[in-house]
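First up is the structure itself, then whatever we jot down about it.
Protein chains in written order, with my numbering: chain A, 23 to 396; chain B, 18 to 323.
Given below as structure tokens:
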């Protein structure tokens with residue numbers, strides 16, 4: 023126990039003597055939260071749309087005014103030629119084309135069905151999906167209005183149709199505020215990044231300088247050395263989470279419905295998984311550069327497949343199986359459940375057990391790999 | 018200590034794949050002895066020291082350090098030895114005092130407790146105790162490393178090429194420090210590529226290509242050199258060496274600084290050699306008989322082996 027204390031003292035001395043360390047600890051959370059949360063949003067603003075109106079009727083004008091009245095759209099141009107519209111899209115000047123054919127209104131009233139064409143630039147699949155969803159909402163809205171107008175003409179009970187109006191209500195995030203959704207995820211990234219990078223560089227640094235030789239001829243035991251190495255990073259990781267939460271509350275006013283002690287309890291377990299992985303990388307490699315490259319590669323996969331930027335449910339089956347082995351995904355899920363939904367320990371116990379199993383296996387791998395005698 | 022031996026090495030071999038770093042090493046080191054492991058770079062010195070300090074497992078064979086088996090009792094060995102690796106391996110970002118304090122505490126002792134032991138060395142760097150180790154000069158780093166290796170009062174001190182890359186004055190100073198440490202009853206096992214340092218040891222082992230050529234006192238090693246040794250100087254060492262190698266009477270010849278050291282087959286008349294040199298155009302040559310040093314013995318043993 024005494025030896026561990028001395029090791030800890032040494033590690034903390036080194037951490038705080040490292041000139042890049044303190045700025046890293048304080049600046050990374052601020053910058054990550056401000057940039058990522060604001061930038062990585064799926065809300066669409068000013069969708070550029072090209073409108074071809076070959077009908078020039080009151081119905082088509084009414085549809086167009088609905089679009090131009092929406093804050094999400096910006097009509098870049100109107101014209102009569104589909105070719106001209108496609109040219110604009112090729113040049114990247116418009117995101118979508120709404121094509122209203124010549125006898126739109128005539129067909130609408132005579133045949134009770136009018137056809138319009140919506141062409142969306144789907145180079146970015148996510149935004150294409152959103153444009154499609156937004157535009158459909160507007161067209162549906164327009165559709166309902168026509169039916170109501172028409173039904174008044176032919177004396178059908180209008181109130182019946184009106185009652186079919188669907189209103190959405192989003193639970194746990196009523197305003198569908200993207201920031202509320204992003205901040206907890208970015209906090210997980212932060213804790214993961216700091217924990218993984220620091221722990222993967224730590225042991226290998228001693229290898230590189232050669233101090234591990236000197237340590238190895240001392241009576242320090244494996245577990246003491248590992249605890250001495252990882253405990254400070256564990257503390258830094260938890261501190262980062264607290265600091266990040268404070269910034270999230272101050273800048274984005276994120277909700278904290280659930281219990282913070284529970285969140286920190288899960289975070290402390292999660293950090294053991296991350297530190298175990300980092301330590302494992304550290305024992306595999308010989309230089310800090312190799313450690314950096316491997317952690318970069320692993321973090322990239324873990325983060326992109328964590329469900330933060332793309333929804334896990336929309337991944338193919340095989341990818342969903344891979345996500346099951348991604349600790350980041352579990353922690354993102356848990357932190358959202360706790361902060362936004364106020365989940366208690368019983369609701370997340372399954373995920374906690376999985377994290378504990380991850381932690382035990384990663385730590386065992388790391389300790390087995392780290393040998394005092396080669 | 019059992020049978021008065023600090024280190025007993027029995028048939029130690031170490032292979033790295035097909036490379037044989039050490040082959041059947043056998044020798045022992047007495048208690049309180051200053052033992053030198055002398056050999057060129059790549060001879061296997063570091064491998065042997067790493068095996069004896071329990072950092073490396075031998076491929077075969079065994080060794081006893083301080084009465085403990087290096088494989089089975091490695092934990093006990095680590096408490097009783099001090100090790101100073103060839104490369105400076107203390108924490109660059111800790112100060113002199115913090116480094117020393119750290120190594121003292123991991124061995125369960127304090128600087129105060131063993132201050133007497135390291136006083137001679139540590140007092141020289143104590144004025145800089147608040148300086149970070151990475152910012153020390155080479156000689157000071159070495160003194161700090163030695164202090165750290167000794168802070169827990171080891172019975173055996175292993176030093177791997179402690180004087181490599183150190184200037185001549187500091188080298189001399191360093192060996193004086195080692196003498197003092199030895200006088201405190203600590204067994205010292207030191208490796209070095211410098212032949213002149215061999216003479217400062219009680220006994221030396223000459224190692225080459227993973228095998229031990231000889232183990233003896235420096236005096237006896239020199240005595241074993243049986244042929245008279247000549248030193249020949251000439252303006253052009255390259256041609257001198259070439260011409261002497263062509264001479265049938267030459268037994269061994271090698272360059273030694275500004276001159277060549279040479280031995281001849283029995284019954285060679287040195288006047289004939291001088292005449293031969295005049296004839297081959299070495300008008301300025303100067304031949305004299307000298308007493309061999311360790312390096313001469315090493316070169317001879319090496320040539321015998323090959």
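Just so you know, even glycine gets a beta-carbon here, dropped at the ideal spot from N, CA and C.
Give the interface partners of residue i over in chain B, defined as CB-CB distance under 7 angstroms, in chain order.
i, result
"residue 232 of chain A", "102, 104 and 106"
"residue 39 of chain A", "110"
"residue 34 of chain A", "Near residue 34 of chain A there are no residues of chain B at all, since even the closest Cβ is about 11 angstroms away, more than 7 angstroms."
"residue 28 of chain A", "119, 122 and 123"
"residue 238 of chain A", "72"
Buried or exposed for residue i, going by 16 or more other Cβ atoms inside 10 Å?
i, result
"residue 184 of chain B", "exposed"
"residue 355 of chain A", "buried"
"residue 118 of chain A", "buried"
"residue 171 of chain B", "buried"
"residue 44 of chain A", "exposed"
"residue 23 of chain A", "exposed"
"residue 340 of chain A", "exposed"
"residue 335 of chain A", "exposed"
"residue 311 of chain A", "exposed"
"residue 108 of chain B", "buried"
"residue 381 of chain A", "buried"
"residue 64 of chain B", "buried"
"residue 71 of chain B", "buried"
"residue 33 of chain B", "exposed"
"residue 80 of chain A", "exposed"
"residue 23 of chain B", "buried"
"residue 3 of chain B", "Since the first and last residues shown for chain B are 18 and 323, residue 3 of chain B lies out of range."
"residue 272 of chain B", "exposed"
"residue 389 of chain B", "Examination of residue 389 of chain B is not possible in this model, given that chain B is present from 18 through 323 alone."
"residue 220 of chain A", "buried"
"residue 139 of chain A", "exposed"
"residue 328 of chain A", "buried"
"residue 67 of chain B", "buried"
"residue 147 of chain B", "exposed"
Can you list the residues of chain A that residue i reaches, using a CB-CB cut of under 7 angstroms?
i, result
"residue 96 of chain B", "241"
"residue 115 of chain B", "35"
Between residue i and residue j, what straight-line distance do the alpha-carbon atoms span, to the nearest angstrom?
i, j, result
"residue 282 of chain A", "residue 50 of chain A", "22 angstroms"
"residue 410 of chain A", "residue 83 of chain A", "Residue 410 of chain A lies beyond the stretch modelled for chain A, which goes from 23 to 396, so this question has no answer here."
"residue 257 of chain B", "residue 287 of chain B", "15 angstroms"
"residue 85 of chain B", "residue 203 of chain B", "17 angstroms"
"residue 265 of chain A", "residue 33 of chain A", "21 angstroms"
"residue 185 of chain A", "residue 67 of chain A", "The predicted model places residue 185 of chain A with a pLDDT of 44, which falls under 50 and marks its position as unreliable; any figure quoted below should be read in that light. When rounded, the distance between both Cα atoms is 31 angstroms."
"residue 181 of chain A", "residue 162 of chain A", "Unreliable positioning characterises residue 181 of chain A in this predicted model, as indicated by a pLDDT of 47, which lies under 50. A coordinate reading is not provided."
"residue 50 of chain B", "residue 251 of chain B", "42 angstroms"
"residue 282 of chain B", "residue 81 of chain B", "43 angstroms"
"residue 332 of chain A", "residue 307 of chain A", "32 angstroms"
"residue 298 of chain A", "residue 318 of chain A", "16 angstroms"
"residue 78 of chain B", "residue 61 of chain B", "15 angstroms"
"residue 195 of chain B", "residue 260 of chain B", "44 angstroms"
"residue 225 of chain A", "residue 232 of chain A", "11 angstroms"
"residue 276 of chain B", "residue 173 of chain B", "40 angstroms"
Quick one: grab the DSSP three-state call for residue i.
i, result
"residue 225 of chain B", "strand"
"residue 307 of chain A", "coil"
"residue 86 of chain B", "strand"
"residue 2 of chain A", "For residue 2 of chain A there is no data in the structure shown, the boundaries of chain A being 23 and 396."
"residue 97 of chain B", "helix"
"residue 234 of chain B", "coil"
"residue 337 of chain A", "coil"
"residue 44 of chain B", "strand"
"residue 331 of chain A", "coil"
"residue 145 of chain A", "coil"
"residue 204 of chain B", "strand"
"residue 105 of chain B", "coil"
"residue 274 of chain A", "helix"
List, in chain order, every chain A residue whose beta-carbon is nearer than 8 angstroms to that of residue i.
i, result
"residue 181 of chain B", "Those do not exist, as residue 181 of chain B stays about 14 angstroms from chain A at its closest Cβ, beyond 8 angstroms."
For residue i, return the contacting residues in chain B, with the cut-off set at a CB-CB distance below 9 angstroms.
i, result
"residue 235 of chain A", "67, 70, 72, 100, 102, 104 and 106"
"residue 25 of chain A", "122, 123 and 125"
Which residues in chain A sit within 9 angstroms of residue i, going by Cβ to Cβ distance?
i, result
"residue 92 of chain B", "241 and 243"
Does residue i come within less than 7 angstroms of chain D when only Cβ atoms are used?
i, result
"residue 127 of chain A", "Of the protein chains in the structure, A and B, none is chain D."
**Study point:** Inside the region 116 to 184 of chain B only - alpha helix (DSSP H) runs reaching at least 4 residues
**Key:** 132 to 142 and 155 to 167
Review point. In chain order, which continuous runs of the alpha helix (DSSP H) of length 4 or greater are located wholly inside the region 91 to 130 of chain A?
Key: 104 to 112
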